[in-house]
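Residue numbers (our numbering): -12 to 650. No residue lacks a Cβ here, since even glycine has one placed at the ideal position from N, Cα and C. Reviewing the structure listed below.
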């Protein structure tokens, strides 16, 4: 707390707490923590994060560094270097993120904006684009050429440097001078612009007084500065809408349990992760790479699950087998005895950035200095990295850390070992605070999936409407449900609620998830029907709700009005189509027949020809029968075709509307 206070960060921390407090008051679900903020005990005590950093050995210095933070006094006012401030990212309920943004806009009226992102033509991209446009080279060829450009500390080198250092790349460029010369001219130019997906700027003054702004397609204010420049003049908040936060909150409500009572190291979780066959719905693990890592590592606790997430990234995948050998067979590959106590827990792999900090601390740097070193390597600041190589050598010499002085066999330079780890790990080392927080969320979803599958999958299905391709997601979940003996029942005009819902031991498809029906139409339909509705009332409800006949016919053929085995779906579709061409008076008469036990609409029309009302008039005239017949015949022909191919018609419409078949 004293460090935060001395650096002038307390106002920022309280600002973040204010947002979290608003979410708590409005019952807006929040994540467990994100990024390096999970390493702060103060944030944990304030309820901003929900992971105890002491318990999991997370570093505060990874979040805030006294050396890295810079202040400047101008005209008696103290300013902080925005790019070097601590940064608290927040995961919030996906569909309620807008409420948080609205709160910030109203609380700081005129002082908020979105953040502009600028994508430039550089490195591999500029070579690929120029090669395809200038000389019409293929995508495959330019992927090969751009692959020749090397990286240094995880950063792709400039094409000029690559030309000077890589003979193969130089040879290709000499044979294709137009492409190379064009690339040199346009490198660094802005290719396109966008908006940061989660960043929000807050200003001490009106935003238009602190940076240039423009309006996006939604008429929202967007800073014209990118994130780095904008944060020099303003405070940046990251508010990300995360679907999993919503799923966990809803599943816990349905299961009537408290999220905070779930033990992330519960043996029950890891029994199921040990031989995981299908990862659907398990946060982060459902990604292909992480799933494969999980199957190899077979995590037994939160620390190992955290390692799975860290190993699942492209640069770290090369170390999966080494780590799995350690967790499964206790095979450890030391890189140097001095660092055994730091690296043994991850099988000799410097998996986390915090481990790099510990290694630097071990040879004599303070943790604040170690964080500066980590940041320089992580941000790929090549010139700064070279300076630190010399400092490392000096520390080793000053603290007499050679193998000879420490009594180790061999003659390995500790400084060289550390430097090699720093160089290599720039491509793969991960933030442990973030990894632990997200692993805890993954453990939570695994617990809910296997302990309360019905409630968990219901919550998952209710979130599919926010997916880019809802039908595909629903189809994936439906395949998973069968493993839990849960059926995904089709939408039903008389039984479905607006959203997915539990029905006995199964889950019923929601009407809102059907393509072609508006929210207002569904709401009218649900409000109209009664507990004892019959198919005629369903026909009438859909008519009054404004549902198109074609959509309704497809729904019925897909099973949305199944009422036992009395009528085939094709027959009910035919009746629905006939209903639509009846007058209000004729429908009323049909309702009367239904009350007397006859709900065959075709038969009712035939009977109406021969019956009279109280005044002795026929219920329907011959001329009207002829009109109905002309309109009815086309539908009858379709019915005859579908009747002969009933199973195929059912299968086709089930797939077309729902994305899967249940027949």
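Secondary structure of residue 504 (DSSP, three-state): coil. The continuous stretches of alpha helix (DSSP H) do not include residue 222, which lies in the beta strand (DSSP E) extending over residues 222 to 229. When C-beta atoms of the region 601 to 614 are compared with those of the region 628 to 644, fewer than three pairs fall below 8 Å, so the two segments do not count as touching. When the Cα atoms are used, residue 409 and residue 364 turn out to be separated by approximately 7 Å. Contact between the region 131 to 148 and the region 232 to 245 is absent, with fewer than three C-beta pairs closer than 8 Å. Of the residues assessed, residue 39 falls on the exposed side of the cut-off, its CB having fewer than 16 other CB atoms within 10 angstroms.
Rounded to the nearest angstrom, the gap between the Cα atoms of residue 183 and residue 356 is 31 Å. Across the structure, residue 506 and residue 278 are spaced so that their CA atoms are roughly 36 Å apart. Between residue 443 and the set 135, 625, 420, 488, the nearest pair of CA atoms involves 488. Straight through space, the alpha carbons of residue 624 and residue 589 are spaced by roughly 15 Å.
Proximity of the region 248 to 259 to the region 424 to 442 meets the contact definition, three or more beta-carbon pairs being nearer than 8 Å. The C-beta distance from residue 22 to residue 37 rounds to 14 Å, too long to fall under 8 Å, and the pair is not in contact.
Proximity of the region 40 to 47 to the region 194 to 212 falls short of the contact definition, fewer than three beta-carbon pairs being nearer than 8 Å. When DSSP states are grouped into helix, strand and coil, residue 202 belongs to the strand group. Judged by pairs of C-beta atoms under 8 Å, the region 108 to 120 does not touch the region 381 to 388, as fewer than three such pairs exist. Contact annotation, residue 30 with residue 87: C-beta distance approximately 17 Å; criterion of less than 8 Å not satisfied. For the pair residue 25 and residue 424, the CB atoms are nearer than the 9 Å cut-off. Classified as exposed, residue 579 has fewer than 16 neighbouring CB atoms from the shown chains inside 10 Å of its CB. When only Cα atoms are considered, residue 118 and residue 157 end up about 14 Å apart.
Beta-carbon to beta-carbon, residue 210 and residue 100 are separated by about 5 Å, close enough to satisfy the 8 Å threshold.
In this structure, 565 is the residue among 634, 565, 602 with its C-alpha nearest to the C-alpha of residue 614. Within the same chain, and ignoring the five residues on either side of residue 282 in sequence, the residues whose Cβ sits closer than 7 Å to its Cβ are 263. The C-alpha of residue 33 lies about 7 Å from the C-alpha of residue 4.
For the 9 Å CB-CB criterion, residue 135 and residue 122 do not form a contact. Listed in chain order, the non-local C-beta contacts of residue 170 below 7 Å within the same chain comprise 113, 114, 117, 146, local neighbours out to five positions each way being set aside. A Cβ-Cβ separation of about 5 Å places residue 351 in contact with residue 386 under the 8 Å criterion.
One Cα belongs to residue 377, the other to residue 436, and the distance between them is close to 52 Å. When Cβ pairs closer than 8 Å are counted between the two stretches, the region 460 to 470 is seen not to touch the region 287 to 296, the count staying below three. Here residue 383 carries a helix assignment [DSSP, helix/strand/coil]. A distance below 9 Å separates the beta carbons of residue 212 and residue 220. Close CB contacts of residue 494 within its chain, under the 8 Å cut and outside five residues either way in sequence, are with 441, 444, 445, 448, 468, 473, 474, 475, 476, 487, 488 (chain order).
Between residue 96 and residue 214, the alpha-carbon positions lie close to 21 Å from each other.
Going by C-alpha positions, residue 14 is about 14 Å away from residue 85.
In the DSSP assignment, no residue is bridged to residue 485. Note on residue 599: under 16 other CB atoms within 10 angstroms of its CB, so exposed under the neighbour-count rule.
For the beta strand (DSSP E) assignment, the uninterrupted runs of no fewer than 3 residues enclosed by the region 78 to 109 are, from N- to C-terminal side, 99 to 107.
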